[in-house]
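Down below is the structure, laid out as structure tokens.
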């Protein structure tokens, strides 16, 4: 179980949040089909530190960027995303 | 190797069980093999066995980082079935199911394959429409499937809550009577023993740390026990697919998530089939030891921790108790978590890679156990010939870029939505 410190709501249980994808897999709007296939389907799948896009789905609904370790579940940083 | 038989059992009983020998050797790795299989789980060991047995490739090594069968092979709910909707998956899993049916005889090892039936419950008219459609598709493909009424289900599983005011009222179901369960450890051990007898080297405590790639072709595997030359290399490492493929500079359409399962204390026989649900994600069966085996959804975020969250235990237990109230009296004995290689369409990848001589068998999500023998057979064909056979061909790595995904639930490129 992880405790995620939502910058808007404070620390909440991770079941309130949903994982979306790693930051490097966020598609730019103007991506060509070839770029889109590469960005979507060629994943690093890191074992250790990872930058991820999450959403506080069952809370404020805000998008968040987490710096999270996929092996230890340690969360180094939570930022509102995109930054204001 | 002592061949197992009723006579051997009787003789050993008379002679104090002293004549049994090791199931497989513990060799040091040789300098070179024709084929190196990375990963000593069920799929990797099956691949090695079929390479040696069906394709005559005897210079084969299976490299395992820890001990064989210690990953997802030992961490699943042991369910075997082929009742899928899409023809590509039907072909692959029915091929596997047929192999299961004769596997104990073939390996001379009792994998305890028990065709006790795999029942999917429907809880609404919409569920039943989906199940009827799936059943029709299965029967058109020559795979057994039978729609059941609520009354028939009541006779098969009397402990289900079949009352009209149940939390999840049972309207009907679809059963695959040839589905069932197998003993997961025995599958790894049986394949290991049979492969070893054919000369395959099973090298445990041997972690792959890199590849030697010359002019785009893999020539050797770098391991914690030295450099091992290889003609062809097959990756078969489930949740570690991304890490091992990364050593060769590859990025895969796979994310590693986590799936939990649980068993209760052992009780007298009370459920003699495998139960799952069309609306919920919950699996209920009873092991031969008497434990009630429960499984459910994954934890929905990437992790290699092999350590699940407690909320999932609550979720799975709530579903199981709603379906079968008698389970509420059981104490849970243990739970475990495996690292699942979630592919981006929910289907496996059995394919050559952009590196010549390097092949991938992964992305089985949380459905790999049932496919173990079939996966081994098609992957052995690929590693022996360099080409996919017609069953494996649709599961190529380039299907994602081509838009030819095999997306059973129609969920799009989101592993966490499976």
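Residue numbers (this note's numbering), protein chains in the order written: chain A, 9 to 92; chain B, 1007 to 1424. Note that the Cβ used here is the ideal one computed from N, Cα and C, for glycine as well.
Quick one: grab the DSSP three-state call for residue i.
i, result
"residue 1037 of chain B", "coil"
"residue 1146 of chain B", "helix"
"residue 1271 of chain B", "strand"
"residue 1303 of chain B", "strand"
"residue 1365 of chain B", "strand"
"residue 1288 of chain B", "coil"
"residue 15 of chain A", "coil"
"residue 1309 of chain B", "coil"
"residue 1066 of chain B", "strand"
"residue 1375 of chain B", "helix"
"residue 1223 of chain B", "strand"
"residue 1199 of chain B", "helix"
"residue 1121 of chain B", "coil"
"residue 1278 of chain B", "coil"
"residue 1260 of chain B", "strand"
"residue 1401 of chain B", "helix"
"residue 1436 of chain B", "The requested residue 1436 of chain B is not part of the displayed model; chain B covers only 1007 to 1424."
"residue 1023 of chain B", "coil"
"residue 1106 of chain B", "helix"
"residue 1207 of chain B", "strand"
"residue 1406 of chain B", "helix"
"residue 20 of chain A", "strand"
"residue 1233 of chain B", "strand"
"residue 1164 of chain B", "coil"
"residue 1434 of chain B", "The structure shown does not extend to residue 1434 of chain B, since chain B spans only 1007 to 1424, so no value can be given for it."
"residue 1421 of chain B", "helix"
"residue 1325 of chain B", "helix"
"residue 972 of chain B", "The question about residue 972 of chain B has no answer here: the residues shown for chain B are numbered 1007 through 1424."
So, residue i versus residue j, is the Cβ gap smaller than 7 Å?
i, j, result
"residue 1397 of chain B", "residue 1101 of chain B", "yes"
"residue 1114 of chain B", "residue 1268 of chain B", "no"
"residue 1459 of chain B", "residue 1342 of chain B", "Lying outside 1007 to 1424, the shown extent of chain B, residue 1459 of chain B is not represented and no answer is given."
"residue 87 of chain A", "residue 56 of chain A", "no"
"residue 1389 of chain B", "residue 1041 of chain B", "yes"
"residue 1186 of chain B", "residue 1127 of chain B", "no"
"residue 1262 of chain B", "residue 1245 of chain B", "yes"
"residue 1242 of chain B", "residue 1363 of chain B", "no"
"residue 1123 of chain B", "residue 1077 of chain B", "no"
"residue 1125 of chain B", "residue 1074 of chain B", "no"
"residue 1083 of chain B", "residue 1299 of chain B", "yes"
"residue 75 of chain A", "residue 85 of chain A", "yes"
"residue 1386 of chain B", "residue 1056 of chain B", "yes"
"residue 77 of chain A", "residue 1248 of chain B", "no"
"residue 1194 of chain B", "residue 1039 of chain B", "no"
"residue 1121 of chain B", "residue 1184 of chain B", "yes"
Since residue i and residue j are thought to touch, with beta carbons under 8 Å apart, how far apart are those beta carbons, to the nearest angstrom?
i, j, result
"residue 1133 of chain B", "residue 1177 of chain B", "7 Å"
"residue 1419 of chain B", "residue 48 of chain A", "5 Å"
"residue 1035 of chain B", "residue 1234 of chain B", "5 Å"
"residue 1068 of chain B", "residue 1043 of chain B", "5 Å"
"residue 1240 of chain B", "residue 1058 of chain B", "13 Å between Cβ atoms; not a contact."
"residue 1054 of chain B", "residue 1201 of chain B", "4 Å"
"residue 1096 of chain B", "residue 1052 of chain B", "Rounded, the Cβ-Cβ distance is 20 Å, inconsistent with contact."
"residue 1321 of chain B", "residue 1303 of chain B", "7 Å"
"residue 1199 of chain B", "residue 1029 of chain B", "4 Å"
"residue 44 of chain A", "residue 35 of chain A", "6 Å"
"residue 1174 of chain B", "residue 1328 of chain B", "5 Å"
Compare the C-beta of residue i with all C-beta atoms of chain C and state if any pair is closer than 7 Å.
i, result
"residue 1321 of chain B", "Going by chain labels, chain C is absent from the structure shown, which instead holds the protein chains A and B."
Please go through the same chain and pick out, in chain order, the residues whose beta-carbon is closer than 7 Å to the beta-carbon of residue i, but skip the five residues on each side of it.
i, result
"residue 1116 of chain B", "1110 and 1192"
"residue 1330 of chain B", "1165, 1166, 1167 and 1290"
"residue 67 of chain A", "14, 17, 20 and 24"
"residue 1259 of chain B", "1349, 1350 and 1406"
"residue 1203 of chain B", "1007"
"residue 1270 of chain B", "1297, 1298, 1336, 1337, 1338 and 1339"
"residue 107 of chain A", "Shown here, chain A extends from 9 to 92; a query on residue 107 of chain A therefore has no answer."
"residue 1376 of chain B", "1085, 1086, 1087, 1099 and 1102"
Tell me which residues share the same chain as residue i and place their Cβ nearer than 6 Å to its Cβ, disregarding the 5 neighbours each side in the sequence.
i, result
"residue 1140 of chain B", "1091"
"residue 1381 of chain B", "1049"
"residue 1145 of chain B", "1151"
"residue 1309 of chain B", "1264"
"residue 1228 of chain B", "1215 and 1216"
"residue 1344 of chain B", "1078, 1081 and 1265"
"residue 1372 of chain B", "1265 and 1346"
Got a sec? Which residues, its chain only, sit under 8 Å from residue i by beta carbon, not counting five neighbours each side?
i, result
"residue 63 of chain A", "25, 26, 28, 69, 70, 71 and 72"
"residue 33 of chain A", "47, 48 and 51"
"residue 1212 of chain B", "1035, 1069, 1070, 1071, 1229, 1230 and 1231"
Any heavy atom of the ligand GTP closer than 6 Å to the beta-carbon of residue i?
i, result
"residue 1128 of chain B", "By its list of ligands, the structure shown contains no ligand whatsoever, and the ligand GTP lies outside what it can speak to."
Which residues, in chain order, does the segment 1410-1423 of chain B contribute to contact with chain A at a C-beta distance below 7 Å? 1419 and 1422
Closer than 9 Å, Cβ to any Cβ of chain B: which residues of the segment 47-73 of chain A, in chain order? 48, 49, 50, 51, 52, 53, 54, 55, 56, 58, 60 and 62
Contact set between the segment 1288-1317 of chain B and chain A, restricted to residues whose Cβ is under 7 Å from the partner: 1306, 1307, 1308, 1309, 1310, 1311, 1315, 1316 and 1317
Under 7 Å (Cβ pairs) to chain A, residues found in the segment 1387-1410 of chain B: 1406 and 1407
Residues of the segment 1331-1353 of chain B whose Cβ lies closer than 7 Å to any Cβ of chain A, in chain order: 1350
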